[in-house]
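Only one structure is covered here, and it is reproduced in the block below.
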Amino acid sequence: MRLLLGLGNPGPEYLHTRHNVGFLFTDFLASRQGISLKREGKWEAEVGRGALWSQPVLLAKPLTFMNRSGLAAARIANFYRLEPSQLVVFHDELDLPFGSCRVAKGRGAGGHNGIRSLMEHLGSRDFVRFRIGVGRPRGELPAAGYVLSPFAPSERDRLEQLFLFLEEGVQLLLQRDEKAAMNLINASPAWPIEKGL
Numbered sequence: 029m030r031l032l033l034g035l036g037n038p039g040p041e042y043l044h045t046r047h048n049v050g051f052l053f054t055d056f057l058a059s060r061q062g063i064s065l066k067r068e069g070k071w072e073a074e075v076g077r078g079a080l081w082s083q084p085v086l087l088a089k090p091l092t093f094m095n096r097s098g099l100a101a102a103r104i105a106n107f108y109r110l111e112p113s114q115l116v117v118f119h120d121e122l123d124l125p126f127g128s129c130r131v132a133k134g135r136g137a138g139g140h141n142g143i144r145s146l147m148e149h150l151g152s153r154d155f156v157r158f159r160i161g162v163g164r165p166r167g168e169l170p171a172a173g174y175v176l177s178p179f180a181p182s183e184r185d186r187l188e189q190l191f192l193f194l195e196e197g198v199q200l201l202l203q204r205d206e207k208a209a210m211n212l213i214n215a216s217p218a219w220p221i222e223k224g225l
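Right, dumping it as structure tokens:
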């Protein structure tokens, strides 16, 4: 079984912000694949159990706020006796332009507080990450304010196409392995923007 974990902040005020792109992609997968997410108080997360492409999975969104994401992840992993290597994380990445993504494993937190929390609570960095590019702010807007700002309307229109592409990567990861997902996703410099979608 794999735990597919989207990172973000709970609450309607954060729903369509860049920092919540991990939540948005998790909701996209759940909707497309018919998995219902339900609030689980003991884990401080929304969790759904099901199968993606015949592979058993848990989909989860921590409700602990970004900086404490590892707390919920560790509780779920401990309950199901999952190793860090069975975790797949979807999160925003400032160092990648919008419309791009990179799949990585074993990297440092790179300044991302949600990833740092996961590493602290799991005691490991041995998990797969879909680093979904949100770009960096232009001008003098600080990064902290930028990630909490909503996507522009033009960007929101493109998210579904990006998510469809990322879904292909998740399918390869589950049916084959992370290397197959990396070969697909990491070979694309900035999709779907470069395809003009």
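Using this note's numbering, read the sequence shown as starting at 29 and increasing by one per residue.
Positions of the beta carbon are idealized from the N, C-alpha and C atoms, including for glycine.
Using DSSP with H/G/I as helix, E/B as strand and the rest coil, what is residue i?
{"i": "F191", "result": "helix"}
{"i": "I160", "result": "strand"}
{"i": "R166", "result": "coil"}
{"i": "G34", "result": "strand"}
{"i": "L176", "result": "coil"}
{"i": "L200", "result": "helix"}
{"i": "D154", "result": "coil"}
{"i": "A137", "result": "coil"}
Note down, in chain order, each residue of its chain lying with its Cβ closer than 8 Å to the Cβ of residue i, except the 5 sequence neighbours on either side.
{"i": "L202", "result": "R30, L80, W81, Q83 and V85"}
{"i": "L99", "result": "E72, P90, T92, S145 and H149"}
Whose C-alpha, out of the options, is nearest the C-alpha of residue i?
{"i": "L33", "options": "G127, G136, Y174 and I143", "result": "I143"}
{"i": "R103", "options": "F126, L122, F179 and S145", "result": "S145"}
{"i": "N141", "options": "N214, A171, L187 and P181", "result": "A171"}
{"i": "S52", "options": "P165, L122, P125 and L194", "result": "Before going further, note that residue 52 is Leu rather than Ser in the sequence given. It is L194."}
{"i": "L87", "options": "G69, K70, R109 and S64", "result": "S64"}
{"i": "Q61", "options": "G78, D123 and G138", "result": "G78"}
{"i": "G50", "options": "K70, G161 and E183", "result": "G161"}
Going by DSSP, what residue range makes up the alpha helix (DSSP H) through residue i?
{"i": "K207", "result": "E206 to I213"}
{"i": "E148", "result": "N141 to L150"}
{"i": "D55", "result": "V49 to Q61"}
{"i": "A102", "result": "S97 to Y108"}
Can you tell me whether residue i is buried or exposed, with buried defined as 16 or more other CB within 10 angstroms of its CB?
{"i": "E206", "result": "buried"}
{"i": "D185", "result": "exposed"}
{"i": "T54", "result": "buried"}
{"i": "G127", "result": "buried"}
{"i": "E41", "result": "exposed"}
{"i": "L187", "result": "buried"}
{"i": "R159", "result": "buried"}
Leaving aside the five residues before and after residue i along the sequence, list all residues of the same chain whose C-beta is less than 7 Å from its C-beta, in chain order.
{"i": "P178", "result": "H44 and T45"}
{"i": "N214", "result": "R130 and V131"}
{"i": "L200", "result": "A208, A209 and L212"}
{"i": "H47", "result": "G36, N37, M94, D120, V175 and L176"}
{"i": "S97", "result": "L35, P90, G142, S145 and L146"}
{"i": "S152", "result": "P112"}
Going by beta carbon distance, what residues of the same chain come within less than 6 Å of residue i, once the five residues before and after it are set aside?
{"i": "F56", "result": "F191"}
{"i": "R157", "result": "V117 and A132"}
{"i": "R67", "result": "E74"}
How far does the beta strand (DSSP E) with residue i in it reach, from first residue to last?
{"i": "K89", "result": "Q83 to P90"}
{"i": "D120", "result": "L115 to E121"}
{"i": "G127", "result": "Element bounds for G127: n/a, residue is neither H nor E."}
{"i": "L80", "result": "A73 to L80"}
{"i": "K66", "result": "K66 to E68"}
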